[in-house]
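Shown next, in structure tokens, is the structure this report addresses.
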Amino acid sequence: MPDTDGRFTEAELETARETDLPDLLTSLGYQVKRVGSYYTTKEMDSLRIKNRRTWFRYSENRGGDAISFLERFEGKSFPEAVEYLLDYHGGARFLRAPPPVPEKKEVPFALPPPNSDNRRVTAYLQKRCIAPQVIRDFIGAGLLYEDAKYHNCVFVGRNSAGKPVFAAKRGTYDLNGAAFRGGVPGSDKEVAFRLPCDSRQLRVFVFEAPIDLMSYCTLHRSVKSNAVALCCLYDGPLDTYLRENPHLRRIDLCLDADGPGRTAAERMKAKYTQKGYSVTVHTPARGKDWNEYLQHRQKSRDNER
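Residues in the sequence shown are numbered from -13 upward in steps of one, following this note's numbering.
Dropping the structure here:
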């Protein structure tokens, strides 16, 4: 957004735009970590910071500089964001102390209360062409249910002891072409969503989203274990799964076929090949992801009848 009222000089705006983002986010209380050539945060693992000056969040398909970050995630107006950054650089236009960084309190994890039945979730997933038996299997294993308040799909991630430590919500209806997606506060993003590991199997399948995992299970009914849905493109959950199951030797990357998915697959293949794993990249023959491919295949079969 331009400085339409002229209250800032070009030099001041340039100073604000060139703010070092990893340092700024750390000062704001975010847990910043480096992953390869970019930075991200524990709180927003789809966030990518490159060259320390620009950010992009894949889950929103938007990005920018330090000014736009404060506008989007800290609720500041454009003038407030610039003033804050000038203060941060020690170039405040007014003599005032920088606002204190609020202490972040750890939020305890708690699953949303379940609905009395799973009818809407089942109907929604069947509409997405997920096989009824796959849906029943996930519900029966305590990996999926319908929440009581909003009737969302709740995908439950369990640790190696079977304890729920993660949950991702997905709306069961689309509003203006986009369905609600959200995480449950306090979720362990190093675990995310996964199927139990069968020690007789030496491979693990890796997906971006739980619905893609369910779609693959519909396409390949033999897959009933040894799978991880990252719920983003951060590979921490895969690292956890491999660490907990050291017998695994093969990784099947089944990420989305779009640009970010392909880039992540290349990065992960290089990383885990170097660690000694046999890595194969699988992409759907058609569509952006495995559910789009599943729906296309089902539609083609229906048209042939």
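Beta carbons: idealized from backbone N, C-alpha and C, even for Gly. Computed from a predicted model, the values in this text were never measured in an experiment.
- In the displayed model, K155 falls within a strand according to three-state DSSP.
- Apart from the 5 residues on each side of it in sequence, V120 sits with its Cβ closer than 7 Å to the Cβ of M200, C203, T204 in its chain, given in chain order.
- Within the segment 87 to 142, the runs of beta strand (DSSP E) at least 3 residues long that lie entirely inside it are, in chain order, 130 to 132.
- If you draw a straight line from the Cα of L129 to the Cα of R38, it is about 38 Å long.
- A52 has its alpha-carbon roughly 47 Å from the corresponding atom of P118.
- Per DSSP, the continuous beta strand (DSSP E) segment holding S264 begins and ends at 264 to 267.
- Of the residues assessed, V93 falls on the exposed side of the cut-off, its CB having fewer than 16 other CB atoms within 10 angstroms.
- Residue pairing by DSSP places D238 opposite F191, T266 in a beta bridge.
- Less than 8 Å divides the Cβ of R253 from the Cβ of G22.
- In the three-state scheme derived from DSSP, where H, G and I count as helix and E and B as strand, T12 is classed as helix.
- The secondary-structure analysis by DSSP pairs A213 across a beta bridge with F191.
- Counting along the chain, G49 sits inside the beta strand (DSSP E) bounded by residues 48 to 50.
- Here G168 has K155 as same chain residues with Cβ atoms under 6 Å from its own Cβ, once five neighbours each way along the sequence are excluded.
- Of all alpha-carbon atoms in A(-3), D184, F(-6), the one lying nearest the alpha-carbon of S208 is that of D184.
- The segment 263 to 278 makes no contact with the segment 216 to 223; the number of CB pairs closer than 8 Å stays below 3.
- Residue pairing of V68 in beta bridges, as defined by DSSP: absent, with no partner found.
- Per DSSP, Y220 lies in no alpha helix (DSSP H) and is assigned neither H nor E.
- In this structure, the CA atom of Y25 is about 44 Å from the CA atom of R287.
- Note that the segment 185 to 194 does not touch the segment 127 to 141; fewer than 3 beta-carbon pairs, one per stretch, sit closer than 8 Å.
- The C-alpha of T12 is placed about 30 Å away from the C-alpha of V214.
- Between the alpha carbons of I237 and N47 lies a gap of roughly 28 Å.
- When the alpha-carbon of A271 is set against those of Y227, D242, K149, P182, the nearest one is in D242.
- Secondary structure at K62: coil, using DSSP grouped into helix, strand and coil.
- Under the DSSP assignment, K36 falls outside any alpha helix (DSSP H), being part of the beta strand (DSSP E) whose first and last residues are 33 to 36.
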